[in-house]
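What follows is a set of notes on a single structure, which appears directly below.
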Amino acid sequence: MRVHIVDPSAYTPPYDHALCQALADAGVQVELYTSHFPHGLVAEPHGYVRHERFYRLAADISDPRARRAVKLAEHVPDMLGYRRLAQAADVVHFQWLPVQYLDGALLPTNRSAPGARRPLVLTAHDILPREPRPAQRAAQRRLYERFDAVIVHSRDGRERLTRELGVDANRVHVIPHGAFVHLADTSASGSAGDSGAAPRAPGFAEGSGASPPATDAPVVLFFGLLRPYKGLDLLLEAWRGVEGAELWIAGAPRMDVSALDVDQPGVRLIPRFIPDGDLPTYFRRADLVVLPYREIDQSGVLATALAFGKPMLLSDVGGFPEVAATGAARTFPAGDAAALRDALRELLGERAELTAMTAAARAAVAGPYAWGAIARQTIAVYEGLLAR
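FYI, the numbering for the sequence shown is 1 to 388, going by this note's numbering.
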């Protein structure tokens, strides 16, 4: 079986790599079509081929605004160019489509030239766009209708697609978001794909050289891009009254952080993109990872915390309660700062519970969130579509 995994904007390189490698390990012929990731190293392909065929002019532009403008100019010709390449695939599996208004018209057909089926599959990492631009949600709804199957990461996500958007339940498949174990493996390395550039330096064993703060106190970690829906303001409100620990907020801002109450005892803000080479030093030092999101289906930060065996404190939104049911996390009512404060105090004072959550996280990584199991479920979706 020949499968194309397509992530034009390289929104989720860790997920793309983990899925492609798991499918390849299961005997699938896999090619990843994506673009240059401008923020750091990406994992070296093993068993599959990565093509950086999207936005090649934008890859050399350092200014974010200028790069975005060039990407928009390249988007239509690059999508049309990929549509020709898709003729070689048995299944085309998109991870993200960045321009919902246009992409429904730019997708490959689900029929090859001789008339055989070429199923189109979409992983709905976000059920609907968060912080959407005008009409973006409606465009996303129309886009779902172009796919033979939609994969979601939680039962809650499936319910939202079928109830709120009217997507046919027979086309929606729940497959968990696997743990990013390769990010916890510092022997992994990076490469440059088939772009013709020289291979990149070794990846996850070497970071930028920037180290997290030194402390002997317990560390609560809030990690990832800083966006309004992630509830950082709620976490900082809850942190008032938490003593004897430090809160590390590590990630590049995608919002105005000037009004946030970061100037309180124990709070350390590291407002920069943390490359994968530096990521292990943050997660290994953390005693607890907190995700107080206001909305979500599943999270790459959660998948990373699982891989490192870290206890988690999660809001009760989306698929988070499904992860908490494994014992690897505790939930609190979303938006409730007092409940979050109480849970932080309790968990920081209960070392035995944190230890039990670590054991549960490791069991989850070896069980339902293992990529081998996820590959088998994904292949079953492909085979079911091809058999129709």
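Think of the CB as a built atom: it goes at the ideal place given N, C-alpha and C, for glycine as much as any other residue. Since the structure is predicted, the reported quantities are computational estimates derived from the model, not experimental observations.
In the three-state DSSP reduction, Pro77 falls in the helix class (H, G or I). Inter-segment contact for the segment 298-312 and the segment 143-151 is absent: fewer than three beta-carbon pairs are separated by less than 8 Å. Taking every protein chain shown into account, the CB of Leu385 has 16 or more other CB atoms within 10 angstroms, so this residue is buried. Gly335 and Ile249 have their C-alpha atoms spaced approximately 18 Å apart. DSSP places His93 in the strand class (E or B) of the three-state scheme.
Fewer than three pairs of CB atoms, one per stretch, sit closer than 8 Å, so the segment 264-272 makes no contact with the segment 284-297. Put simply, of Ala24, Gln29, Pro8 the residue whose alpha carbon is nearest the alpha carbon of Glu52 is Pro8.
In this structure, Pro108 lies away from Arg117, with their beta-carbon atoms at least 8 Å apart.
In the DSSP assignment, Gln29 forms a beta bridge with Arg2.
With fewer than 16 other Cβ atoms inside 10 Å of its own Cβ, Tyr229 counts as exposed. As computed with DSSP, Val289 is found in a beta bridge with Leu221, Met312. Between Ala18 and Trp239 a beta carbon distance of about 32 Å is seen, past the 8 Å cut, so the two are scored as non-contacting.
When beta bridges are read from the DSSP output, Glu52 appears opposite Thr34. In the DSSP annotation of this structure, the continuous segment of the alpha helix (DSSP H) that includes Arg155 starts and ends at 155-164. Of the residues Ala124, Ala24, Ala184, the one whose Cα lies closest to the Cα of Phe308 is Ala184. Ala179 is a Cβ neighbour of Val365, given a cutoff of 8 Å. Spanning the alpha carbons of Asp90 and Val28 requires a straight line of approximately 11 Å. Beta-bridge annotation (DSSP): Ile151 is paired with Thr123, His173. Contact check for Lys310 and Ala286: beta-carbon distance about 6 Å, within the 8 Å limit, so the pair qualifies.
Restricting attention to Val150, Ser154, Ile175, His177, the CA atom closest to the CA of Ala169 is found in Val150.
Excluding its 5 nearest sequence neighbours in each direction, Arg163 has no C-beta neighbour in its own chain below 8 Å. Inter-residue distance for Leu97 and Ala86 is about 16 Å (C-alpha atoms, whole angstroms). Only residues of its own chain outside the window of five on either side were considered, and among them Gly251, Val301 have a CB closer than 6 Å to the CB of Gly224, listed in chain order.
For Thr378, the enclosing alpha helix (DSSP H) stretches over residues 371-386. The C-alpha of Ala69 lies about 22 Å from the C-alpha of Gln95. Inclusion of Arg141 and Gly104 in the CB contact set at 8 Å is not warranted, their separation being larger than that value.
With a cutoff of 8 Å on beta-carbon distance, Ile175 and Thr378 are scored as near each other.
Counting the other CB atoms within 10 Å of its CB gives Leu80 a total below 16, which places it among the exposed residues. Annotated as proximal: Glu246 and Val219, with beta-carbon spacing under 8 Å.
In the three-state DSSP reduction, Leu247 falls in the strand class (E or B). Of the residues assessed, Gly318 falls on the buried side of the cut-off, its CB having 16 or more other CB atoms within 10 angstroms. Within the segment 226-284, the runs of alpha helix (DSSP H) that reach at least 4 residues and sit entirely inside it are, in chain order, 232-239. Close CB contacts of Phe54 within its chain, under the 6 Å cut and outside five residues either way in sequence, are with Pro8, Ser35, Asp78 (chain order).
The continuous beta strand (DSSP E) containing Phe332 extends over residues 329-332. Under the three-state reduction of DSSP, Ala66 is assigned to helix. Looking at the backbone, the Cα of Leu234 and that of Arg158 are separated by about 28 Å.
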